[in-house]
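The next block holds one structure in the form of structure tokens; read it before the comments.
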Amino acid sequence: MRRRAQRNAMISRARRPGVYLAVVAMVLTMVAAPAAASPASADAAHGWAGHDHRAGHGKRAPLRRLVPKGFRIGSAVAGGGHHADQDYPPPFPNDRRYRHVLAKEFNSVTPENQLKWEFVHPERHTYDFGPADAIVRSARRDHQAVRGHVLMWHSQNPAWLEEGDFTPRELRRILREHIFTVVGRYRGRIHQWEVANEIFTDGDDPELRTDQNIWLRELGPGIIADAFRWAHQADPNAKLFLNDYAIEGVNPKSTAYYELAQELLADGVPIHGIGVQGHLDFQYGFDHSMQDNLQRFDDLGLATAVTEVDVRFFLPEDGVPTDEQLAQQADWYRWMLEACLNVDGCRSFTVWGFPDRYSWVPHFFEGQGAATIMWDDFTPKPAYHALQATLADARKAHRRH
Ligand code: XIL
17 MRRRAQRNAM
27 ISRARRPGVY
37 LAVVAMVLTM
47 VAAPAAASPA
57 SADAAHGWAG
67 HDHRAGHGKR
77 APLRRLVPKG
87 FRIGSAVAGG
97 GHHADQDYPP
107 PFPNDRRYRH
117 VLAKEFNSVT
127 PENQLKWEFV
137 HPERHTYDFG
147 PADAIVRSAR
157 RDHQAVRGHV
167 LMWHSQNPAW
177 LEEGDFTPRE
187 LRRILREHIF
197 TVVGRYRGRI
207 HQWEVANEIF
217 TDGDDPELRT
227 DQNIWLRELG
237 PGIIADAFRW
247 AHQADPNAKL
257 FLNDYAIEGV
267 NPKSTAYYEL
277 AQELLADGVP
287 IHGIGVQGHL
297 DFQYGFDHSM
307 QDNLQRFDDL
317 GLATAVTEVD
327 VRFFLPEDGV
337 PTDEQLAQQA
347 DWYRWMLEAC
357 LNVDGCRSFT
367 VWGFPDRYSW
377 VPHFFEGQGA
387 ATIMWDDFTP
397 KPAYHALQAT
407 LADARKAHRR
417 H
């Protein structure tokens, strides 16, 4: 114990004079070449090695090697969406380092955009399966499960669909055909599908998004059950999920889902789970009822999953998160993972991409960022270590049982 304390003191004494220079150096390298920040400068600048008592113990195994039996730790696979407007090529096919880390750390993947309507079904009679196929192929090689995202949503739909002036009859056929084509293609290879994404509005009195969601607007709420039934026919072994943000804790929106899930189950609709996205933001606080919330869905007999985790906050002016921010971020990642691990049927926890430079956050939330678990050079942030330690603990506890 004493020896470790002394060593840590020596490390921090040795580092202190270098911290300022390291910050400057890192900011400069990040500006000049976002991928080039060296691991040493990132660690020193952010002090995580000094803060995390576990870091002194040398390297632990990658996340996927630490999971309790049957547990999936996943990541979104970068490509499409906001990536298409950046000055880098699509990460998954082009960034070898990225692919290496993805395979090493995660035993589950979710295509971030490559199975969304605008991407996979760009014209009425054209599907573009190339990128999703590549992800599913490499996932099989790397022994990763694949989560399918998404079949019914109000966002990222192609213009031909949104502006097509179709009759309800035509729209029904279009949705049915899409589900049979996409789910059918990956039958047996995509084990969970998000069938309906973000179908409730926010606030104290959530309602189905009947204005924004073309399917709900044109076909009525009954289409939700139909979508689940079609997906089930297309792949009877796939687990079918509802999915949304801001439903981590017990709140009016998650209760709307709870009631919907009960209705669907009572009607015999093949629904198997609920996904809470986990896009958290410091300004809204952490809702510690998360475990209770997951548990109430579990009690209905549904699987639960945490599907799109990131934790965002406003960056200081120099763009470098403070140690306090990083520590809080690590806590929130850990709390979400613990909530999931403590619920029997929560067996899947997916982070919404890495490293920070590939995250969607800065592009959608002005002034916010640094929301993922890795620095731009793929070295671990405190949040990574928090997940690592939490998984290791859960595995030990699991073994004792
Ligand atoms: C985001 C992607 O990360 C971006 O690349 C894209 O430009 C927009 O969508 N909820 C979801 C995800 O269900 O599909 C969203 O992903 C993030 C919010």
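Taking my numbering, I'd label the letters of the sequence shown as residues 17 to 417. Don't be surprised by glycine CBs; every beta carbon is placed ideally from N, CA and C.
Limits of the unbroken alpha helix (DSSP H) element including Trp231: One-based indexing of the sequence shown puts residue 231 at position 215. Ile230 to Leu235 is the span of the alpha helix (DSSP H), which, as asked, contains Trp231.
Sub-8 Å separation of Gly200 and Asp144 beta-carbons: Here residue 200 corresponds to residue number 184 of the sequence shown, with the count starting at 1. Here residue 144 corresponds to residue number 128 of the sequence shown, with the count starting at 1. Contact flag unset, no.
Proximity winner among Pro127, Cys356 and Arg113, relative to Gly291 (alpha-carbon distances): Taking the sequence shown and counting its residues from 1, the one referred to as residue 291 is at position 275. The option with the nearest alpha carbon to Gly291 is Cys356.
Tyr104 classed as buried or exposed, judged by whether at least 16 other C-beta atoms fall within 10 angstroms: The count along the sequence shown starts at 1 and reaches residue 104 at position 88. So Tyr104 ends up on the exposed side.
Three-state class that DSSP yields for Gly90 in the structure shown: As a first step, residue 90 is located in the sequence shown; it is residue number 74 there, counting from the start. Reduced to three states, the DSSP call for Gly90 is strand.
N-terminal and C-terminal residue of the beta strand (DSSP E) that Asp260 is part of: Numbered from its first residue, the sequence shown carries residue 260 at position 244. Its beta strand (DSSP E) spans residues Lys255 to Asp260.
Near the ligand XIL: Tyr261 beta-carbon under 7 Å from a heavy atom: As a working note, residue 261 is residue 245 in the sequence shown. It does: the Cβ of Tyr261 is within 7 Å (strictly closer) of some heavy atom of the ligand XIL.
Nonlocal neighbours in the same chain, by C-beta distance under 7 Å from Gln102, ignoring five residues either side: Working through the sequence shown from its first residue, we reach residue 102 at position 86. If we look at Gln102 and ignore the five residues flanking it on each side, it has no Cβ neighbours.
Near the ligand XIL: Gly200 beta-carbon under 7 Å from a heavy atom: Taking the sequence shown and counting its residues from 1, the one referred to as residue 200 is at position 184. Result no, Cβ not under 7 Å from the ligand XIL.
heavy atom of the ligand COA below 7 Å from Gly97 C-beta: Annotation note on the ligand COA: not contained in the displayed structure, which lists the ligand XIL as its ligands.
For Val327, the residue or residues it bridges with in DSSP: The count along the sequence shown starts at 1 and reaches residue 327 at position 311. Val327 is bridged to Leu296.
Whole-angstrom distance between Val377 and His99, CA atom to CA atom: Position 83 of the sequence shown, counting from 1, holds the residue named residue 99. Position 361 of the sequence shown, counting from 1, holds the residue named residue 377. Cα to Cα, the separation comes out at about 12 Å.
Where Val83 falls: helix, strand or coil (DSSP): If you number the sequence shown from 1, residue 83 lands on position 67. In the structure shown, Val83 sits in coil (DSSP, three-state: anything other than H, G, I, E or B).
Selection from Phe244, Phe313, Phe257 and Arg76 that minimises the alpha carbon distance to Asp283: Here residue 283 corresponds to residue number 267 of the sequence shown, with the count starting at 1. Per the Cα distances, Phe244.
Close beta carbons around Ile263, own chain, < 7 Å, minus the five adjacent residues each side: Within the sequence shown, numbered from 1, the residue matching residue 263 stands at position 247. Hits under 7 Å: Lys269, Ser270, Tyr273 and Val292.
8 Å CB neighbourhood of Asp218 in its chain, flanking five on each side removed: Looking up residue 218 in the sequence shown gives position 202. Answer for Asp218: Ala262 and Lys269, listed in chain order.
Within 8 Å, strictly: CB atoms of Thr320 and Val359: Your numbering for residue 320 matches position 304 in the sequence shown. Your numbering for residue 359 matches position 343 in the sequence shown. Yes, they are a contact pair.
In DSSP terms, what Trp209 is bridged to: Sequence index remark: in the sequence shown, residue 209 carries index 193 (1-based). In the DSSP output, where bridge partners are listed per residue, Trp209 has Gly164 and Leu256.
Separation of Glu128 from Gln172, as counted between CA atoms: Your numbering for residue 172 matches position 156 in the sequence shown. Your numbering for residue 128 matches position 112 in the sequence shown. Those two C-alpha atoms are separated by around 12 Å.
Contact with chain D by Glu234, beta-carbon distance below 8 Å: Considering every chain present, this structure includes no chain D. It has just one protein chain.
Start-to-end residues for the beta strand (DSSP E) that takes in Val125: Walking along the sequence shown from the start, residue 125 turns up at place 109. Where Val125 is concerned, the enclosing beta strand (DSSP E) stretches over Ser124 to Pro127.
Buried versus exposed call for Tyr374 [16 or more other C-beta atoms within 10 Å across all chains shown]: The count along the sequence shown starts at 1 and reaches residue 374 at position 358. It is buried - the Cβ of Tyr374 has at least 16 other Cβ atoms within 10 Å.
Coil, strand or helix - Gln130 by DSSP: Reading the sequence shown from its first residue, position 114 is the one you call residue 130. Looking at Gln130 - three-state DSSP - the assignment turns out to be coil, as it is neither helix nor strand.
Extent of the continuous alpha helix (DSSP H) run through Val152: As a first step, residue 152 must be located in the sequence shown, where it is residue number 136. Note, Val152: alpha helix (DSSP H), Gly146 to Arg157.
Cβ contact check for the stretch 187 to 197 and the stretch 222 to 229: 3 or more pairs under 8 Å: no
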